[in-house]
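What follows is a single structure, written as structure tokens, with notes after it.
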Amino acid sequence: MRKKPLKMHDDTVIVFYCPDCRGRVEIPEADFLEGEVLECYLCAAEILVMQRVPARIKLFREEDDF
Ligand SMILES: [Zn+2]
Numbered sequence: 149m150r151k152k153p154l155k156m157h158d159d160t161v162i163v164f165y166c167p168d169c170r171g172r173v174e175i176p177e178a179d180f181l182e183g184e185v186l187e188c189y190l191c192a193a194e195i196l197v198m199q200r201v202p203a204r205i206k207l208f209r210e211e212d213d214f
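As numbered in my numbering, the sequence shown has no gaps in its residue numbers, which increase by one up to the final residue, 214.
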């Protein structure tokens, strides 16, 4: 038998600080997935989600030929 989780409010957000501009970024928990690349709405930096819980992020760079 499966229980359906009760969802009263589905507006949980993850709050983190952009590693680039230190700006406060909020993202819906549903979009905060491991391996996902998010974009900072302040500086457009790409931020990689390392871990969901606890929230760990890092600046995502494509450093192929630098
Ligand atoms: Zn930023």
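Here a beta-carbon is modelled for each residue, glycine too, at the ideal position from N, C-alpha and C.
Only a predicted model underlies this, so the values are computations on that prediction, with no experimental measurement involved.
Restricting attention to L190, P176 and V185, the CA atom closest to the CA of K206 is found in V185.
Within its own chain, the residues whose Cβ lies closer than 7 angstroms to the Cβ of V197, once the five positions on either side in sequence are excluded, are F180, L181, E182, G183, E184, L186 and I205, listed in chain order. Its Cα nearest to that of C191, the residue G171 stands out among F164, T160, G171 and P176. According to the DSSP assignment, M198 belongs to the beta strand (DSSP E) that extends over E194 to Q199. Assignment of beta strand (DSSP E) within the region 154-185, counting only whole runs of 3 or more residues, yields 161-165 and 172-176 in chain order.
Of the candidates K152, A178, P153 and R150, A178 places its Cα closest to the Cα of T160.
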